[in-house]
Structure formats: C-alpha cells, structure tokens
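Participant:
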Amino acid sequence: QLKNKADNDLPVHLKGGMVDGLLYRFTMTIAVFGSCYSVFSLVRAAFPQKNK
10 QLKNKADNDL
20 PVHLKGGMVD
30 GLLYRFTMTI
40 AVFGSCYSVF
50 SLVRAAFPQK
60 NK
C-alpha cells in the first residue's frame, strides 16, 4: 500500500512497475483495435456489396 501512496507523479495503474505498463499498453491496444474493427464491421454491414 505504501507503493501506491508514494508521491511520484505516476497514475495508480502504473505504480506497479514495468509489468503494469506493459499490461496497460496491451489492454489499450486490444481495446482500440476492437473499437476500430467494430466500426469497420458496422460500416461494411451498412453498405453491402452489390451483386452483379
């Protein structure tokens, strides 16, 4: 608990060290990719391909 209370200008989700930083970046990457893929899928469904 003392590590989380230390005044070192780091957000609480990064005070655990390098592993927390890597986990945070991985989580944000997956979230952004999933959001972009969701928008892509919605746009693709809204404008279906025309049959020849």
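Note that the sequence shown covers residues 10 to 61 in the numbering used here. The beta carbon of each residue, even a glycine, is placed where N, CA and C say it ideally should be. The model shown is predicted, which means the values in this text are computed figures rather than measured ones.
#1: In whole angstroms, what is the alpha-carbon distance linking residue 48 and residue 54?
#2: Which whole-angstrom value is the C-beta distance of residue 69 and residue 23, which I expect to be below 8 angstroms?
#3: Please give me, in chain order, every unbroken run of the alpha helix (DSSP H) with length at least 4 that falls completely inside the region 11–55.
#4: How many angstroms separate the CA atom of residue 29 from the CA atom of residue 45?
Facilitator: This is what the structure holds:
#1: Counting from one through the sequence shown, the residue named residue 48 turns up at place 39. Counting from one through the sequence shown, the residue named residue 54 turns up at place 45. The straight-line gap separating the alpha-carbon atoms of residue 48 and residue 54 is approximately 10 angstroms.
#2: For the chain, the structure presents residues 10 to 61; residue 69 sits outside this window and is missing.
#3: Segments of the alpha helix (DSSP H) lying fully in the region 11–55: 11–14, 27–55.
#4: On the sequence shown, residue 29 is found 20 positions in, with the first residue counted as 1. On the sequence shown, residue 45 is found 36 positions in, with the first residue counted as 1. Roughly 24 angstroms separates the two Cα atoms.
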